[in-house]
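Numbers 89 to 650, taken from this note's numbering, label the letters of the sequence shown in order.
Using N, Cα and C, we set each Cβ at its ideal position, and we do this for glycine too.
Here is the structure we will look at, set down as structure tokens.
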Amino acid sequence: MHHTSLIAILVAGFVLAFIFGMIAQRLRLSPLVGYLIAGVIAGPFTPGFVGDQTLAPQLAEIGVILLMFGVGLHFSLGDLLEVKAIALPGAILQIAVATALGWGMAYYLGWSHGAGLVFGLALSVASTVVLLRALEERRLVETAKGRIAVGWLIVEDLAMVLALVLLPALAGLLKGEAGDASQIWSQLFVTLAKVGAFVAFMLIVGRRVIPWILERVAGTGSRELFTLCVLAIALGVAFGSAELFGVSFALGAFFAGMMLNESEFSHQAANETLPLREAFAVLFFVSVGMLFDPQILLKEPLEVLAVFAIIVIGKSLAAYALVRAFGKPNSTALMISASLAQIGEFSFILAGLGMDLEILPKEGHDLILAGALLSIVVNPLLFAWLDRKNAREAAALQETRGEDAPQVPADIDKHVILVGYGRVGSELARLLGEHKVPMVVIDGEESLIAKARAAGLPAILGNAVNERVLREAVPERATTAMLAIPQALEAGEIIAKLREINPGLSIVARAHSDNEVKHLIEHGADGAVMAERELAHSLAEMVMAAPVYRGERQLPPSTALV
Numbered sequence: 089m090h091h092t093s094l095i096a097i098l099v100a101g102f103v104l105a106f107i108f109g110m111i112a113q114r115l116r117l118s119p120l121v122g123y124l125i126a127g128v129i130a131g132p133f134t135p136g137f138v139g140d141q142t143l144a145p146q147l148a149e150i151g152v153i154l155l156m157f158g159v160g161l162h163f164s165l166g167d168l169l170e171v172k173a174i175a176l177p178g179a180i181l182q183i184a185v186a187t188a189l190g191w192g193m194a195y196y197l198g199w200s201h202g203a204g205l206v207f208g209l210a211l212s213v214a215s216t217v218v219l220l221r222a223l224e225e226r227r228l229v230e231t232a233k234g235r236i237a238v239g240w241l242i243v244e245d246l247a248m249v250l251a252l253v254l255l256p257a258l259a260g261l262l263k264g265e266a267g268d269a270s271q272i273w274s275q276l277f278v279t280l281a282k283v284g285a286f287v288a289f290m291l292i293v294g295r296r297v298i299p300w301i302l303e304r305v306a307g308t309g310s311r312e313l314f315t316l317c318v319l320a321i322a323l324g325v326a327f328g329s330a331e332l333f334g335v336s337f338a339l340g341a342f343f344a345g346m347m348l349n350e351s352e353f354s355h356q357a358a359n360e361t362l363p364l365r366e367a368f369a370v371l372f373f374v375s376v377g378m379l380f381d382p383q384i385l386l387k388e389p390l391e392v393l394a395v396f397a398i399i400v401i402g403k404s405l406a407a408y409a410l411v412r413a414f415g416k417p418n419s420t421a422l423m424i425s426a427s428l429a430q431i432g433e434f435s436f437i438l439a440g441l442g443m444d445l446e447i448l449p450k451e452g453h454d455l456i457l458a459g460a461l462l463s464i465v466v467n468p469l470l471f472a473w474l475d476r477k478n479a480r481e482a483a484a485l486q487e488t489r490g491e492d493a494p495q496v497p498a499d500i501d502k503h504v505i506l507v508g509y510g511r512v513g514s515e516l517a518r519l520l521g522e523h524k525v526p527m528v529v530i531d532g533e534e535s536l537i538a539k540a541r542a543a544g545l546p547a548i549l550g551n552a553v554n555e556r557v558l559r560e561a562v563p564e565r566a567t568t569a570m571l572a573i574p575q576a577l578e579a580g581e582i583i584a585k586l587r588e589i590n591p592g593l594s595i596v597a598r599a600h601s602d603n604e605v606k607h608l609i610e611h612g613a614d615g616a617v618m619a620e621r622e623l624a625h626s627l628a629e630m631v632m633a634a635p636v637y638r639g640e641r642q643l644p645p646s647t648a649l650v
């Protein structure tokens with residue numbers, strides 16, 4: 089059955105990842121935990137099915153290429169420059185602190201200085217996937233705090249890309265092998281020259297050619313060709329950079345994503361390739377799990393706890409102190425600390441390379457994986473604690489400074505509860521305000537609440553999923569609740585709570601798909617508005633209003649409201 093080993097590992101990887109990813113999701117953990125456990129089960133250290141150990145690394149390499157391509161695709165130099173004053177020095181100093189802690193532990197365990205350096209670097213960088221998902225769930229990506237966290241992460245990622253480039257050139261020195269200093273320096277110079285040549289080529293040629301090709305392919309109108317073009321660029325540049333310039337697949341893919349980001353079709357490119365990128369990212373985490381020996385949790389529990397402490401406590405304290413030192417408020421410092429209290433994909437890539445180059449011992453690789461698993465499990469708990477703390481502080485602030493902002497009137501009645509004051513919510517509030525409709529706004533973002541209060545609206549700071557926050561809007565006396573937030577799962581929970589408090593309430597929510605409409609209706613919504621259908625109906629009405637069609641049969645009512 090050797091000829092089916094590729095099919096076997098793909099089937100086993102996806103099926104096990106799906107099963108354990110769903111279990112992790114049900115337990116309110118990151119699905120990454122499930123993917124890593126799926127890899128452990130498919131690996132050689134547990135009984136049962138064992139995946140092909142030669143194919144797994146190659147699939148993981150494709151996963152790395154697409155992961156790094158995705159990082160580059162979302163890399164915005166402008167966003168980084170906005171927060172460079174804190175993100176650049178903060179991230180570098182935090183990497184230095186975490187690396188020093190990791191090196192100190194490695195020295196205690198008797199490893200070489202090179203192993204300690206790789207080990208510390210692997211513990212210093214947070215997971216892009218975990219951090220972005222945590223920020224997106226709380227609608228924090230576009231906030232000031234979110235931009236600092238993302239900028240900080242970009243600096244960490246760039247530092248790790250540089251480490252991946254330099255590690256092979258410095259492998260002999262890091263392993264403690266005696267060598268000619270001039271030879272080491274010449275090898276380092278050649279490596280940096282190749283990297284410099286590649287970067288120059290991409291900035292001079294790539295940034296013009298790649299967007300030009302993408303625009304021409306987009307002009308054909310073929311979705312298949314467009315998706316194929318994006319994948320060809322990602323994989324082609326990664327492979328070509330390794331073959332022609334001797335740089336890593338990761339660096340090539342990162343620059344391919346960066347160049348595509350300059351195209352006006354970058355958002356479409358990200359959306360079209362997202363399923364494949366996520367699928368191979370899952371295989372990457374599964375293949376990493378296959379390398380993990382779970383016995384280390386029993387054999388070296390103290391070492392595992394020490395690694396966990398460096399990631400969750402050491403890194404977090406360093407980040408907190410640095411953010412506060414730059415004069416940022418306590419809430420920002422805590423959010424950045426929680427965001428960085430985990431490690432992920434870059435840690436695995438760096439640890440894998442360190443082991444391949446025989447710098448990092450197998451024990452170090454296992455400790456990094458164990459620390460990643462534990463930190464990813466604990467990270468949502470840290471954010472949950474932070475959410476509760478922010479809710480308490482917001483309530484206290486509202487009590488002490490309530491006179492500065494419009495309060496929910498004690499006698500308010502027959503009002504509208506508006507959950508979410510972003511682009512959709514604020515426009516909805518403006519339209520309702522023109523008709524003198526009384527309303528109460530709920531949002532979890534301070535800047536949006538300030539904007540609502542500046543408009544003279546009673547506004548409550550907090551997550552509407554929290555029943556205490558919801559009750560402040562007096563839903564028992566409201567007539568309507570409108571949920572303008574884009575997160576259907578969160579909206580479903582809010583709807584269910586509103587329906588319990590006031591069964592007669594009219595509830596309308598926002599949806600982006602038929603499945604989301606079904607989910608919202610099942611949780612008690614009276615209607616769900618799909619923007620795409622509403623847009624199509626409005627455009628059709630414009631067409632039917634043309635003189636040539638005037639007097640024709642009227643359009644049916646919009647089906648956007650279900």
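Residue nearest to residue 129 in terms of C-alpha spacing, selected from 571, 147, 103 and 556: As a working mapping, residue 129 is identified with position 41 in the sequence shown. Per the Cα distances, 103.
Contact defined as beta carbons within less than 8 Å: I believe residue 543 pairs with residue 582. What is the distance between those atoms, to the nearest angstrom? For the purposes of this step, residue 543 is taken as the residue at position 455 of the sequence shown. For the purposes of this step, residue 582 is taken as the residue at position 494 of the sequence shown. Not a contact, Cβ separation roughly 22 Å.
Can you give me the C-alpha to C-alpha distance between residue 279 and residue 554, rounded to a whole angstrom? Residue mapping note: residue 279 aligns to position 191 of the sequence shown, counting from 1. Residue mapping note: residue 554 aligns to position 466 of the sequence shown, counting from 1. Rounded to whole angstroms, residue 279 to residue 554 spans 54 Å at the Cα level.
According to the Cβ coordinates, are residue 430 and residue 214 closer than 7 Å? What you label residue 430 is simply residue 342 of the sequence shown in a count that begins at 1. What you label residue 214 is simply residue 126 of the sequence shown in a count that begins at 1. Their beta carbons are under 7 Å apart, which means residue 430 touches residue 214 by this criterion.
In chain order, what residues of the same chain lie with their CB nearer than 7 Å to the CB of residue 557, ignoring the 5 residues before and after it? The residue you call residue 557 lines up with position 469 of the sequence shown. If we look at residue 557 and ignore the five residues flanking it on each side, its Cβ neighbours are 479, 530, 548, 550 and 551.
With a CB to CB cut of under 7 Å and the five nearest residues on each side skipped, what residues in its chain are close to residue 334? Taking the first residue of the sequence shown as position 1, residue 334 is located at position 246. Contacts found: 282.
Taking the beta carbon of residue 454 as the centre, do at least 16 other beta carbons fall within 10 Å, making it buried, or is it exposed? Sequence index remark: in the sequence shown, residue 454 carries index 366 (1-based). The residue is buried, with at least 16 neighbouring Cβ atoms inside 10 Å.
Quick check on DSSP: helix, strand or coil for residue 680? Residue numbering for the chain in the displayed model covers 89 to 650; residue 680 lies beyond these limits and cannot be assessed.
Contact between the stretch 503 to 512 and the stretch 565 to 582 (3+ Cβ pairs under 8 Å): yes
Could you pull the DSSP bridge partners for residue 527 from this structure? Mapped onto the sequence shown, residue 527 falls at position 439. DSSP, once it has assigned bridges, lists 504 as partnering residue 527.
Which residues in the same chain as residue 125 place their Cβ atom closer than 7 Å to its Cβ, once the five residues preceding and following it in sequence are excluded? In the sequence shown, counting from the first residue as 1, residue 125 sits at position 37. Excluding residues within five positions, the ones whose Cβ falls inside 7 Å are 108 and 377.
Local conformation of residue 367 per DSSP, three classes: Sequence index remark: in the sequence shown, residue 367 carries index 279 (1-based). It is helical.
Kindly give me the distance between the Cβ atoms of residue 158 and residue 295, rounded to whole angstroms, as I take these residues to be in contact under 8 Å. For the purposes of this step, residue 158 is taken as residue 70 along the sequence shown, with counting starting at 1. For the purposes of this step, residue 295 is taken as residue 207 along the sequence shown, with counting starting at 1. At roughly 18 Å, the Cβ-Cβ gap does not stay under 8 Å, so residue 158 and residue 295 are not in contact.
Contact belief for residue 512 with residue 576 at Cβ below 8 Å, rounded distance in angstroms: Working through the sequence shown from its first residue, we reach residue 512 at position 424. Working through the sequence shown from its first residue, we reach residue 576 at position 488. No, residue 512 and residue 576 are not in contact; Cβ-Cβ is about 14 Å, not under 8 Å.
DSSP has residue 569 in a bridge; who is on the other side? Residue mapping note: residue 569 aligns to position 481 of the sequence shown, counting from 1. Answer is 505 and 595.
Proximity to residue 211 [Cα-Cα], best of 464, 238 and 343: As a first step, residue 211 must be located in the sequence shown, where it is residue number 123. When only C-alpha atoms are compared, the closest one is 464.
Can you tell me whether residue 154 is buried or exposed? The criterion is at least 16 other CB atoms within 10 Å of its CB, across all chains shown. On the sequence shown, residue 154 is found 66 positions in, with the first residue counted as 1. Buried, since its Cβ has 16 or more Cβ neighbours within 10 Å.
Give a yes or no on whether the C-beta atoms belonging to residue 385 and residue 392 are separated by under 7 Å. Residue 385 sits at position 297 when you count from the first residue of the sequence shown. Residue 392 sits at position 304 when you count from the first residue of the sequence shown. Closer than 7 Å, so yes.
Quick check on residue 447: does DSSP put it in helix, strand or coil? As a first step, residue 447 must be located in the sequence shown, where it is residue number 359. Note: residue 447 maps to coil in three-state DSSP.
Per DSSP, which one or two residues make a beta bridge with residue 615? As a working note, residue 615 is residue 527 in the sequence shown. Note: residue 615 sits in a beta bridge opposite 596.
Distance check for residue 119 and residue 369, CA to CA, integer angstroms please. To locate residue 369, count along the sequence shown from 1; it is residue 281. To locate residue 119, count along the sequence shown from 1; it is residue 31. About 12 Å.
Close Cβ partners of residue 436 (< 6 Å) along its chain, the five nearest in sequence each way excluded: Start at 1 with the first residue of the sequence shown, and residue 436 comes out as number 348. Contacts found: 376.
Take residue 610 and list the residues in its own chain whose beta-carbon comes closer than 8 Å to its own, dropping the five residues that flank it on each side. Taking the sequence shown and counting its residues from 1, the one referred to as residue 610 is at position 522. Correct list, in chain order: 580.
Assuming residue 372 and residue 151 form a contact by the criterion Cβ under 8 Å, report the distance between their Cβ atoms to the nearest whole angstrom. As a first step, residue 372 is located in the sequence shown; it is residue number 284 there, counting from the start. As a first step, residue 151 is located in the sequence shown; it is residue number 63 there, counting from the start. Residue 372 to residue 151, Cβ: 3 Å. Contact.
Who are the near neighbours of residue 394 in its chain, counting only those whose CB is closer than 8 Å to its CB and skipping five residues on each side? Here the question's residue 394 lines up with position 306 in the sequence shown. 193, listed in sequence order.
Which term fits residue 406, buried or exposed, when burial requires 16 or more other beta carbons within 10 angstroms of its beta carbon? Counting from one through the sequence shown, the residue named residue 406 turns up at place 318. Residue 406 should be labelled buried.
Counting only the same chain and skipping the five closest in sequence on each side, list residues whose C-beta sits under 6 Å from that of residue 275. Position 187 of the sequence shown, counted from the first residue, corresponds to residue 275. Here the set comprises 257.
Going by C-alpha distance, which of 501, 285 and 523 is nearest residue 560? Against the sequence shown, residue 560 aligns to sequence position 472. Residue 501 is the option with its Cα nearest to residue 560.
Three-state secondary structure assigned by DSSP to residue 246: By 1-based counting over the sequence shown, the position of residue 246 is 158. Three-state result, residue 246: helix.
Let me confirm a value: residue 630 is counted as buried when at least 16 other C-beta atoms fall within 10 Å, else exposed. Which label applies? Within the sequence shown, residue 630 is the residue found at index 542, counting from 1. That one is exposed.
Can you give the Cα-Cα distance for residue 206 and residue 624, rounded to whole angstroms? Within the sequence shown, the letter at position 118 stands for residue 206. Within the sequence shown, the letter at position 536 stands for residue 624. About 54 Å.
Kindly provide the ranges of any alpha helix (DSSP H) runs that are 4 or more residues long and lie completely inside the stretch 95 to 145, ordered along the chain. Runs of the alpha helix (DSSP H) inside the stretch 95 to 145: 119 to 130.
Taking a contact to mean a Cβ-Cβ separation below 7 Å, would you say residue 354 touches residue 362 in this structure? By 1-based counting over the sequence shown, the position of residue 354 is 266. By 1-based counting over the sequence shown, the position of residue 362 is 274. Not in contact: residue 354 and residue 362 (Cβ atoms no closer than 7 Å).
Provide the residue span of the alpha helix (DSSP H) that contains residue 33, from first to last. Nothing can be reported for residue 33: it is not among the residues displayed for the chain, which extend from 89 to 650.
Can you give the Cα-Cα distance for residue 382 and residue 133, rounded to whole angstroms? Within the sequence shown, residue 382 is the residue found at index 294, counting from 1. Within the sequence shown, residue 133 is the residue found at index 45, counting from 1. Answer to the nearest angstrom: the Cα atoms are 7 Å apart.
Going by beta-carbon coordinates alone, are residue 344 and residue 320 separated by less than 7 Å? For the purposes of this step, residue 344 is identified with residue 256 of the sequence shown, where counting begins at 1. For the purposes of this step, residue 320 is identified with residue 232 of the sequence shown, where counting begins at 1. No.
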